[in-house]
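To start, the structure under review is shown below, and the notes come after it.
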């Protein structure tokens, strides 16, 4: 598979994750805390978004994202984190680095732990 074909494959997946994050955000009507919905968001969106970055950077051939792809990927991850925090009645004040999230995922092997470590939600 050529490098551009591989990038295209990732771009399609990033766009799909981004659309799903928008849909999740629009459908959120949590009665905080809604831990079940928060875990669903981690499993179906946040975790797969960070895993996509890990796959692209550690797979058989290292994929270099275009600036637009990288920005969309990081924005998508942050959109999922916003949805996650909303489930606990928290509005996040900043954005988070997908690279930092990926490093935490490699260390913890647990997407929920990564969400908690990045956002501090829920308070421990």
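Numbering (UniProt numbering), first residue to last: 1 to 124. Note that the Cβ used here is the ideal one computed from N, Cα and C, for glycine as well. Just so you know, these numbers come straight off a predicted model, no measurement behind them.
By Cβ distance below 8 Å, which residues in the same chain neighbour residue i in space, the five residues on each side in sequence not counted?
i           : result
residue 20  : 44, 45
residue 18  : 72, 75, 76, 79
residue 119 : 81, 84, 85, 90, 92, 96
Which residues in the same chain have their Cβ closer than 6 Å to the Cβ of residue i, if we skip the five residues on either side of it in sequence?
i           : result
residue 56  : 10, 63
residue 121 : 85, 88, 90
residue 66  : none
Let me know the secondary structure DSSP gives residue i once reduced to three states.
i           : result
residue 110 : coil
residue 70  : helix
Between residue i and residue j, is the Cβ-Cβ spacing less than 8 Å?
i           : j           : result
residue 134 : residue 101 : The question about residue 134 has no answer, for the chain in this structure spans 1 to 124.
residue 87  : residue 34  : yes
residue 127 : residue 111 : Residue 127 is absent from the structure shown; the chain starts at 1 and stops at 124.
residue 103 : residue 14  : no
So, for residue i: in the same chain, excluding its five sequence neighbours on each side, which residues have a beta-carbon less than 7 Å away from its beta-carbon?
i          : result
residue 98 : 50, 53, 73, 74, 77
residue 24 : 41, 45, 83
Would the C-beta of residue i count as close to the ligand PLP, meaning under 7 Å from any of its heavy atoms?
i          : result
residue 65 : Absence of the ligand PLP from the depicted structure is noted, as is the absence of any ligand whatsoever, leaving it without description.
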